[in-house]
Each structure stands twice: as C-alpha cells, then as structure tokens.
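A.B. asks: In terms of the working numbering, the sequence shown opens at residue 19 and continues consecutively. Glycine residues also receive a C-beta, built at the ideal position from the N, C-alpha and C atoms. If you're wondering where the values come from, they're calculated on a predicted model, not measured in any experiment.
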Amino acid sequence: MLIGIDDTDSPGGMCTTYLGAVLARRLICDHMRVREARLVRLNPNVTFKTRGNAAIAFNVVGDADRAFDLACGIVEELADFSCENTNPGVVVTDRKPDAAFYRKAVTGFCTVDEATGILDAAGARYRGWKNRRGLIGATAAVASELADRTSEILVYREPQRFGTPRNVDRASLFAAEAATFPHTWDTVDVANDVVVCVPHTPDPVLFGIRGESPQWVMAARQMIISEKPALEQIWVTNQGTDAHLIAGTIGLLDEGISYYVRGTVAETPKTGTGGHVSFTLCEEERIVRCMAYEPTKNFRQIIRQLVPGDTVIACGSCKKESINLEKIKIVSLKKAETTRPPICEACNKRMTSDGKGKGWKCKKCGARADAPDVQEISRTLETGWYEVPPTARRHLAKPLCRGLPEF
Ligand code: ATP
C-alpha cells in the first residue's frame, strides 16, 4: 500500500517529514514493512505552503486499515492544528493513482476536488482535516513517479530541544562537503562561507544532507558532529531534479509556473534598489523581465555581464510577470563593439564628426570619411550554464554538479 501525508506543520513548529519518520517507526513496531520513504516537493509557488511545499509517501507492506488508523492517529497527535493554515490530509491506497496528478501538482495548481476525485476512483481510504487542502499534497505524493531521484537524510532533534538553538559543528559540515561533493551538495555554500543544511526555523529538523544516493548522504552524515539527535530518516526525493520546470514561450508565461525559456537579451541589465539585477529577454516582439535577486549573490555578476543580443535559456518561476532566475544558459554571445571617429590617414589624427549622419572630417587637412572606426570589445563572459549559489537554491532546482540540463 501507499500512505500519503501532507500539511501538518506551521511556521511555529512541526514538520511533515518528522511526523512521517515517527510514523515509519510505529508501522515497523506494528510488524509492517516500510519499503520506501519518499519526500516530494510540489509547486514551489503555492502561496499557502509553510516552507518548502513538501509532502511524503511510504510504500508499506501490511494491513491497510491498521496503517490508516496509525497515520490518522499520528496526525491528530502531532499536527499543529492551532495554525489556520494547517489543513492535514492522509491517504492510504492499494492502487497507485495516475502520475499525471503528481506532475500537475509539481508544475501547476490542483484543487481538493480533483484530489478526492482521483482518490475515489482508486478506491483509496482518505481523511482531510479542516479545509482538507493537505489531501492535494498527500495524493500527489502517492501518485508520484520519479524519473530522476535523489536522496536526503534528515536528522531530527530531541523534542525537548525544539525551538532552542541548534548545536551542529560548523567545521564538520565543511569537511563533509569537501569529502563528498559532488555526490552530496548544499550542505554548505563554500563561496559564501555559509552553512546551508541547518534550518533556522523552530521545526524538529537538526540538519539534512542531500545527495545522489543513500550511501553518499550517509557517508557525509557520519562525518557530522552535533547535539544528540532523536531519530534519522533517509528519504527518496525529487529534490534537485528540475521536476518543476516546463518548456515556456515568452509572451505565453503563466503566473506561478516554472519554466525554461529561450530568448535574446533586449536591454543591458540594471542593478536596482536592494541590489536586485534585472534585464529584459525577448523573442520576436514579445518580452519578459528576468530577475536575479540580491540573495543570489555572485550569480548577479554573471547576469550583469550580459549585453543586448546575447542569446540565453532562462530557468525559473514566473512571478509578478518576471522570471526569477534559478539558472541560466548563455547560448551565444553577441560581439560587443565600440565605435570611434576614424583616423585621418594623412595626418594620423582622429577626425571629428561633421554632424549626425554626415560622416567625419579631419580638422587639419579637411579629408573626409563615411565609416567610423569600429573596435571589438573583448568579453570575459563565457557561454555555458550558470546557477545561483547553494544559499539561494530552491529544493527542486537541479544543481549543475548533477549534470547539465538537456534543454
Ligand atoms: P509541510 O512540511 O507541512 O508539508 P510545506 O511547506 O510543505 O509544509 P504545507 O504546509 O504542506 O507546506 O502547505 C502546502 C499546501 O499546499 C498543502 O495543503 C498542499 O496539499 C497544498 N498544495 C501543494 N501543492 C499544490 C498544488 N500544486 N496546487 C494546490 N495546492 C497544493
């Protein structure tokens, strides 16, 4: 059977993955076999998400009625019902629903009615609390098919420590990254000297290590020195796979959807207040603004070097009619040129303009020229892929260390 759960936490605490890790242990104590623990990230632009729009699913061998009771029981026990925005959903199904629902939930928007329609058709047991919105994520999790997958080990705190400062040895995190990158990633941000894998929110997570396989995340995890954890769970995930990106066309982009779009830089990038960098991208007559926000740090240095005429593939979510850049491919660089007045061949002196569109004239000998002196400006920017640093990376964005995108 597949068990799906979502929407149990609030900004004030709890985490659906923690609740899931506790449930997995209760299922095992009840003589069930947990074959896989899955953590799926859904559309990152859903506004009512608490943090990373995560939902979980377990593949379990055992009694479905008993598993449903245990799953509902743990939601009642641990979910943060006090928060208006916490609307849990639990699904237990013997039949896997159509993966199209998962794809819609990760790339677009779904309704509770769509989820319950699919659950009824699959003959699933399900329960939603309050406005039942969590049924969307719970259904998407059990419907998920992961063409590409990664691992994350999440290490959880002892309940008495929830909400207190976390004690994780910084040097051991940098050592773990050095020893296991690129097979693990986003433990720390080396260029910006920042720890990435330890949250600052009051939830039960102590730290999480992301990587290619359970073996690699475990190898990194074993190097990390920290306060005594309560429990640990390795999850199969769609994180770092670009599952949220779909092909887009400038002029036909919808709000809240994440795209990769090809276009030509139309205007020189500008740095606005707060250090946010923006430029316009065009395709034929249609344009869209692309944004590299201040938290994307050094990535903005790449964007600032673009010039009109460069062709790029921009990846990111469409928000407020802009693409918020996650990564970019510089496909081709426009030859950048400057023009100056030509040099008089007889006098070896620069000529002066004779008026707009009237060519140039040598002040000394009166010789005339029609064409300016064109000089190519050398470009240090190189074609290829560039990405935001780990501190600014979204859960679903595929890091370049995993391989270059094929679009
Ligand atoms: P949690 O750890 O509790 O999962 P979160 O940041 O993942 O926290 P949720 O609290 O789960 O966010 O809130 C997200 C809500 O949005 C859930 O109710 C989920 O069912 C719903 N949801 C997820 N994806 C979509 C989607 N594509 N369309 C509509 N609703 C969605």
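Give the secondary structure of residue 388 by DSSP, where H, G and I count as helix, E and B as strand, and everything else as coil.
C.D. replies: Numbered from its first residue, the sequence shown carries residue 388 at position 370. Looking at residue 388 - three-state DSSP - the assignment turns out to be coil, as it is neither helix nor strand.
A.B. asks: From residue 341 to residue 62, what distance separates their C-alpha atoms?
C.D. replies: Mapped onto the sequence shown, residue 341 falls at position 323. Mapped onto the sequence shown, residue 62 falls at position 44. In a straight line, the C-alpha of residue 341 is about 14 Å away from that of residue 62.
A.B. asks: Kindly indicate which three-state DSSP category residue 85 falls into: helix, strand or coil?
C.D. replies: Locating residue 85 in the sequence shown gives position 67, counting from the first residue. Residue 85: helix per DSSP, three-state reduction.
A.B. asks: Is residue 33 helix, strand or coil by DSSP?
C.D. replies: As a first step, residue 33 is located in the sequence shown; it is residue number 15 there, counting from the start. Of the three classes helix, strand and coil, the one that applies to residue 33 here is coil, per DSSP.
A.B. asks: Using only alpha-carbon positions, find the residue among 326, 194, 373 that is nearest to residue 350.
C.D. replies: Taking the sequence shown and counting its residues from 1, the one referred to as residue 350 is at position 332. Among 326, 194, 373, the Cα nearest to that of residue 350 is on 326.
A.B. asks: Please report the residue range of the alpha helix (DSSP H) in which residue 190 lies.
C.D. replies: Here residue 190 refers to the residue found at position 172 when the sequence shown is read from its first residue. That run of the alpha helix (DSSP H) goes 188 to 198.
A.B. asks: If contact is defined by three or more beta carbon pairs under 8 Å, each pair taking one atom from either stretch, is the segment 270 to 277 in contact with the segment 208 to 223?
C.D. replies: Judged by Cβ distances under 8 Å, the segment 208 to 223 makes no contact with the segment 270 to 277, as fewer than three pairs qualify.
A.B. asks: Taking residue 278 as part of the beta strand (DSSP E), name the residues at either end of that continuous run.
C.D. replies: Within the sequence shown, residue 278 is the residue found at index 260, counting from 1. Taken as a continuous stretch (DSSP letters only), the beta strand (DSSP E) holding residue 278 covers 276 to 283.
A.B. asks: Confirm, please, whether the CB-CB distance from residue 57 to residue 72 is below 7 Å.
C.D. replies: As a position in the sequence shown, residue 72 is number 54, starting the count at 1. As a position in the sequence shown, residue 57 is number 39, starting the count at 1. The answer is yes: Cβ separation under 7 Å.
A.B. asks: Considering residue 402, what are the terminal residues of the beta strand (DSSP E) in which it resides?
C.D. replies: Residue 402 sits at position 384 when you count from the first residue of the sequence shown. 402 to 405 is the span of the beta strand (DSSP E), which, as asked, contains residue 402.
A.B. asks: Is it the case that the CB of residue 101 approaches a heavy atom of ligand 1 more closely than 6 Å?
C.D. replies: Taking the first residue of the sequence shown as 1, we reach residue 101 at position 83. No; taking the cut-off as 6 Å, the Cβ of residue 101 has no heavy atom of ligand 1 nearer than that.
A.B. asks: What does a CB cutoff of less than 6 Å around residue 329 pick up in its chain, not counting 5 residues either side in sequence?
C.D. replies: Counting from 1 along the sequence shown, the entry for residue 329 is found at position 311. Counting only Cβ-Cβ distances below 6 Å, and skipping sequence neighbours, we find 282, 349, 350.
A.B. asks: Looking at residue 64 and ligand 1, is the gap between the Cβ and the nearest heavy atom below 6 Å?
C.D. replies: Counting from one through the sequence shown, the residue named residue 64 turns up at place 46. For ligand 1, at least one heavy atom lies less than 6 Å from the Cβ of residue 64.
A.B. asks: Return the chain-ordered list of same chain residues with a C-beta closer than 7 Å to the C-beta of residue 420, the five sequence neighbours on each side being excluded.
C.D. replies: Counted from its first residue, the sequence shown places residue 420 at position 402. The answer, listed in chain order, is 258.
A.B. asks: Report buried or exposed for residue 154, applying the criterion of at least 16 other Cβ atoms within 10 angstroms of its Cβ.
C.D. replies: Against the sequence shown, residue 154 aligns to sequence position 136. Classification of residue 154: buried, given that the 10 Å Cβ count is 16 or more.
A.B. asks: Within 10 Å of its beta-carbon, does residue 416 have 16 or more other beta-carbons around it, so buried, or fewer, so exposed?
C.D. replies: The count along the sequence shown starts at 1 and reaches residue 416 at position 398. Buried: at least 16 other Cβ atoms inside 10 Å.
A.B. asks: Counting only beta-carbon atoms, is residue 195 nearer than 7 Å to chain D?
C.D. replies: Given the protein chain composition of this structure (a single chain), no chain D is represented.
A.B. asks: Return the chain-ordered ranges of every alpha helix (DSSP H) run that is complete within the segment 93 to 157 and spans a minimum of 4 residues.
C.D. replies: Correct list: 117 to 125, 130 to 139.
A.B. asks: Out of curiosity, what's the CA-to-CA distance linking residue 45 and residue 168?
C.D. replies: Along the sequence shown, one-based indexing puts residue 45 at 27. Along the sequence shown, one-based indexing puts residue 168 at 150. So the two alpha carbons sit approximately 24 Å from each other.
A.B. asks: Quick check: does the Cβ of residue 71 come within less than 6 Å of any heavy atom belonging to ligand 1?
C.D. replies: As a position in the sequence shown, residue 71 is number 53, starting the count at 1. Within the cutoff, so yes.
A.B. asks: Near residue 100, what residues of its chain come up, given a Cβ to Cβ distance below 8 Å and the 5 sequence neighbours on each side ignored?
C.D. replies: The residue you call residue 100 lines up with position 82 of the sequence shown. Taken in chain order, the residues that qualify are 28, 30.
A.B. asks: Mapping the DSSP letters down to three states, classify residue 297 as helix, strand or coil.
C.D. replies: Taking the sequence shown and counting its residues from 1, the one referred to as residue 297 is at position 279. In the structure shown, residue 297 sits in a strand (DSSP, three-state: E or B).
A.B. asks: Tell me the DSSP secondary structure of residue 91 in three-state form.
C.D. replies: By one-based count along the sequence shown, residue 91 stands at place 73. In this structure, residue 91 counts as helix in the three-state DSSP scheme.
A.B. asks: By how many angstroms is the C-alpha of residue 290 removed from the C-alpha of residue 318?
C.D. replies: Locating residue 318 in the sequence shown gives position 300, counting from the first residue. Locating residue 290 in the sequence shown gives position 272, counting from the first residue. Taking the straight line from one Cα to the other gives about 12 Å.
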